[in-house]
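Notes for the one structure printed next.
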Amino acid sequence: MARSAMAQETICALRREISRIEGSLPERLASPQAGDSVVLRRGISAVREGCSAFLGTGVPKLDCALAGGVPRAALTEIHSLQTRDAGAATGFTLGLLALLRRADGRSRKQFLICWIGLADVFREAGFPYAPGLEKLFGFAAGGLLFVSTAHIADALWVAEEAARQKDFGAVVLEVRGNPARLDLTATRRLHRRAQELGRPVFLIREAAVAEPTAAPLRFTVSAEPAAPRRSLAGLLQDSIGHPAFTVVIGKSRAARPGRFILEWNPHEQSFREIRPAHSGALVPASGNRPHPPAAMGTVVALRPAGKAPAPGGQPPGKERPAHRRPRRAG
Amino acid sequence: MVSHRERNVQRIAALDEQAEALGLKPGLGVADARAMHPQIEIVEADPEANRRLLESLADWCDRYTPLVAIDGSDGLFLDITGCVHLFGGEEKMMQDILSRLSRQGFDARAGLASSAGAAWAAARFPGLARILPGQEADALSPLPLSALRIDAETRIRLESVGLHTIGAILHAPRAPLARRFGAGLLVRLDQALGQAEEAISPRLPVPPLSAERQLVEPVVHAEDIENLVHGLAGTLQQDLERRGEGADVVQLSLFRVDGAVQRHVVRATLPLREPNLIRRLFRERFSASRDEIDAGYGFELVRLSVLKASPFTVVQTDLAGDGMVAEESLALFADRVRARLGEHVLMRPVPVESHIPERAVRMLPFAAGGKAALPEAAVPAGGTSGVPERPIRLFLHPEPIEVAAAEVPDGPPLNFRWRRAIYNVSRAQGPERIAPEWWHDDQEDAPTRDYFRVEDTEGRRFWLYRQGLYGAVEEMPRWFMHGIFP
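Heads up: the protein sequence lines correspond to chains A and B, in order. In short: position in the first sequence from 1, add 45, done, that's our numbering. In short: position in the second sequence from 1, add 43, done, that's our numbering.
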C-alpha cells in the first residue's frame, strides 16, 4: 500500500513535470479515476497563488464536461457558424467575462476589457453597443476599450500586446471567417501570452469553420429561442425572456463532447441550463395527452401486447387492426 | 521655356539662359516666339507644381533654421538669427546654402541683410549679396524702385514723376509721399531700411525644444535611426528635466541626402521623458505597415523635436511598487498602438445623453485615465433598471430590410428579408417609439422610429425599426435592422 502511494506520488510528479514542459494542464494526463486529479488540481491551485485555474460557468453539467470550467490562463475560442449568430457568440463570451469579473472580485470600472476587432467584423456584425453591454452584462462604458484595425496582422499584434498588459482583465479578439494569418502559430502565440499572465484571451470567430488551434477549448455557439418571461401571474405568452444560447463543446481538455442550452440571467449575472439538449421535447407532444417518451421502448419491446394497458390511453392490441399492431422486437 | 495663359494669349512666363540668348523675353507671345525660333521647346506653366517644389525646398531649408517662410512664388525667407554660429559665420552659411542648392540643380540667389526688405532686394539685384547692418541706405540707394516690394501701379506713378531710384525717395519729404502714393510705400521703405519691424511668419510652428545630429555618413537602416533617436532623446531629456516638462508630441525630421524631408510624429498620452520610451514609440511607428521609411541614399540630418510639452509630475511610487504604474503602463500601451496604427484605432465608448440609439454612445479616442473632455457626456452612471432593453451589437449604419407584411399596420413584421435571407418572426416585443430629437437642427423633421425586438424561428433576436408611421407619409414606411440581441 505504501509502495503504491509512493508510486502514485511519483507519477503525479512526473505528470506535473510533463505538463509544465508541454504548457498544458495536468488533468489532461490524469487517469479518469477520481482522487488522482484532486491532488493534481490542488497542485495547480498552489501554483496560481490560491486563485483557481478555472472559471466555473455556474452550470454543473457544463463544468463537469469541461473538467472544471473555462481555463483562466488560456486562449478560448468561441465560434459562431454564421455572422448572423454573432449575437449569441458575443453574448456567451460576455457572460463568461461577467463571471470572470465577479470571480476576480473587481468592480465594474476596475475590470478593463480590451476588445480588438477587425473593421469588417464591426461592419458586418455590428459594433459592440455599450448601453446593451451595461444593461445585460453589467459592464460600465469606462471599462471598455475598443481597437478596430483593418488588417488581421495588426489585430494580432494588438491582441498580443494587450495580452501582455496587466491592466486588462481579459482580452477579446474578434475575427470573421478563417483568415490565413490566424493559424496554429498565431493561436499558439496568443495562448502563450495568456498563460504567461494568467489572464484569459477570448477569440470570437464569426462564421468560422473549426480548424487546428492551440486553444485548449473551443465552443460553438448558436442562437436558441428564449424562454418566455416570467411574471407573478406565470409565464407571459409570446414574450421574449432572458438571452439563451446553444453551446456545443468542440474541443476541450477533457475531450467530452456536450451540447448545452444555457440562459443568461442579467439580474443574477449567472448562467442556467434551461432544458437539457436532445430530450424528448424535440418530438412534438401529441394531441392533448401526456406524452411520456421513455415508455415507448419498454412497453412495446418488452411486454407482450394486450396484457398490460397500452400507454397513453390507446386501445388494447386486439381491438386494433392488424396492420397497426405494434411490431414485436425480437 | 515655360508659357502661361494671360488674357487669352499664350505668353512666355519664364525662360532659361539658352532662350534668353536668342533674344526672347518674358511676356512675349508664344506664337511670335515660335515664328522667330521654331526649334524652341515650350511647356505649359504649372503653378501648383511650382508651389509644391518651393514647399519642399522650404522643408529642406528647415535644416538651417526653424523659421522658414515662403515669399510669393519664387522666394524663401530664412530667419537665421542665432543660427549662424552653427554653420561657421554668415558668409560660410550663405555659400553652403547656395552650393548645396546648385548641386541639386537650382539656380538660387541669396541676399543677407538685417531686415527682410533689404535681404529681398539684395537677393534680386546684382552686385549685392550681403548688406551689413547700418549700411542699408547706402546699399539700396542706387537700386530701382522695384527693389522695394511695392506694387506695379505705385511704381509707375513714381516713375512718371521722375523718381526712378530708391535714393530719390529716400530723402524726399515723407508727408507728401504718403499723401500722393499711399502709406504702403513708406512702410516698405522703412522695412527695407530696418526701421520698421517685419515679422517672418514661419510655415511650421517652431518647436519649443529640438535636438539634431548632422551625419557624415548617411544612415539607411531603421535600427540606426532608432539609435540616433535614443541619443537625441537623451539630449532632450536633460532640457525637459530642466524645464520640469515632459513631451506630449514628438516629431522626428529626417533630411534625406537628395533633399527630401520626412516627418514622423508620435503622440503620448502621458508626458514622456524617458529616451527608451520615445525610442519604443518610434520603433512602433517605423514597423507599422502603413508608412515605410523611404531611405533612398540615406539621411544626413536627423532632428528630434518636441512639438508640445506639458508639465511632468514625478510620481513617487510606494514601496509596494504599484500605484500609478497601472495607468502609466496602460498609457504606454495606448501610445504604442496609436504610434503604430494611427490615432483613430483606439476607442473608448462614452455615454451621451440622447434617446437616439446611435447617438447615445460616442466613440472617443483613448485618453489617459478616461478623462475625455465632453460637454454633454454628463450621464450619471446610475442603475440600469429603468433602461429599456438595448442590443449588444449595433450596426454602424442601420441596414434596410424588406418587410412584405406586418400583422397590423403599426405592428411588428411577420417576416422580413435581411441580407438576402428570409427570417420568419415567431415572437415580437414592442413598439418602443423613439421620436427624433427635434431640438437639434439636423433632426428636426426626421421621422419617428418604432423599435421592435423580434425573435425569428431559429431563435435569433434582432432589433428592427420602422421609420415613419403608416399613413403619415405617402409611400410605405421603410424598415431597418439596427442591432442584434444575444
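Glycine residues also receive a C-beta, built at the ideal position from the N, C-alpha and C atoms. Quick caveat: nothing in here was measured; it's all calculated off a predicted structure.
M51 (chain A) counts as exposed, since fewer than 16 other beta carbons sit within 10 angstroms of its beta carbon. W202 (chain A) sits in a helix when the DSSP states are folded into three classes. At least 8 Å separates the beta-carbon of E317 (chain B) from that of R383 (chain B). Across the segment 190-205 of chain A, CB contacts with chain B closer than 8 Å involve L190, F191, V192, S193, T194, H196, A198, D199, W202 and V203, in sequence order along the chain. The beta carbon of F184 (chain A) is closer than 6 Å to those of L178 in its chain, skipping five residues each way along the sequence. By DSSP's assignment, A352 (chain B) forms a beta bridge with B:A290. Taken through DSSP and simplified to helix, strand or coil, P105 (chain A) comes out as helix. In the displayed model, R77 (chain B) falls within a helix according to three-state DSSP. Around F167 (chain A), the beta-carbon contacts reaching into chain B at under 8 Å are L439. Sorting B:A162, B:P187, B:I193 and B:R192 by C-alpha distance to the C-alpha of Q178 (chain B) places B:A162 at the top. Per DSSP, reduced to three states, the secondary structure at A101 (chain B) is helical. Residue pairing by DSSP puts Y508 (chain B) in a beta bridge opposite B:Y494 and B:F523. G473 (chain B) sits in a strand when the DSSP states are folded into three classes.
In the three-state reduction of the DSSP assignment, W309 (chain A) falls in the strand class, which pools E and B. At a cut-off of 8 Å between beta carbons, V309 (chain B) makes no contact with chain A.
Interface residue (Cβ-Cβ distance to chain A less than 8 Å): L407 (chain B) is not classified as such.
Residue B:G160 holds the alpha-carbon nearest to the alpha-carbon of A242 (chain B) among B:I85, B:G160, B:F149 and B:E445. Looking at the DSSP output, M406 (chain B) shares a beta bridge with B:P392. Looking at the backbone, the Cα of A211 (chain B) and that of S203 (chain B) are separated by about 13 Å. Secondary structure of E196 (chain B) (DSSP, three-state): helix. Setting aside the 5 residues that flank it on each side, S348 (chain B) is surrounded in the same chain by P250, S253 and Q294, each with a C-beta closer than 6 Å to its C-beta; the list follows chain order. When DSSP states are grouped into helix, strand and coil, G279 (chain A) belongs to the strand group.
Interface criterion met: the Cβ of P176 (chain A) is under 8 Å from a Cβ in chain B. Judged by beta-carbon spacing, W309 (chain A) lies beyond the 8 Å limit of V217 (chain A), meaning their Cβ atoms are not closer than that value.
Interface flag for I321 (chain B) against chain A is unset, since no Cβ pair is found closer than 8 Å.
T108 (chain B) is not bridged by DSSP to any residue. Closest in C-alpha terms to A239 (chain A), from the list A:D108, A:P116 and A:S49, comes A:P116.
In the structure shown, V380 (chain B) adopts helical secondary structure according to DSSP, grouped into three states.
About 7 Å separates the CB atoms of I399 (chain B) and I477 (chain B); that is less than 8 Å, so the two are in contact. At a cut-off of 8 Å, the C-beta of I435 (chain B) has a neighbouring C-beta in chain A. Along the segment 114-138 of chain A, the positions whose C-beta sits under 8 Å from a C-beta of chain B are R129, D130, A131, G132, A133, T135, G136 and F137, read in chain order. In the three-state reduction of the DSSP assignment, E327 (chain B) falls in the helix class, which pools H, G and I. Only P392, V393, P394, P400, A403 and V404 from the segment 392-404 of chain B bring a Cβ to less than 8 Å from some Cβ of chain A. Under the three-state reduction of DSSP output, I161 (chain A) falls in the strand class. Following the DSSP letters along the chain, one finds F130 (chain B) in no alpha helix (DSSP H), marked with neither H nor E. With a 10 Å radius around the Cβ and a threshold of 16 neighbouring Cβ atoms, M137 (chain B) comes out buried.
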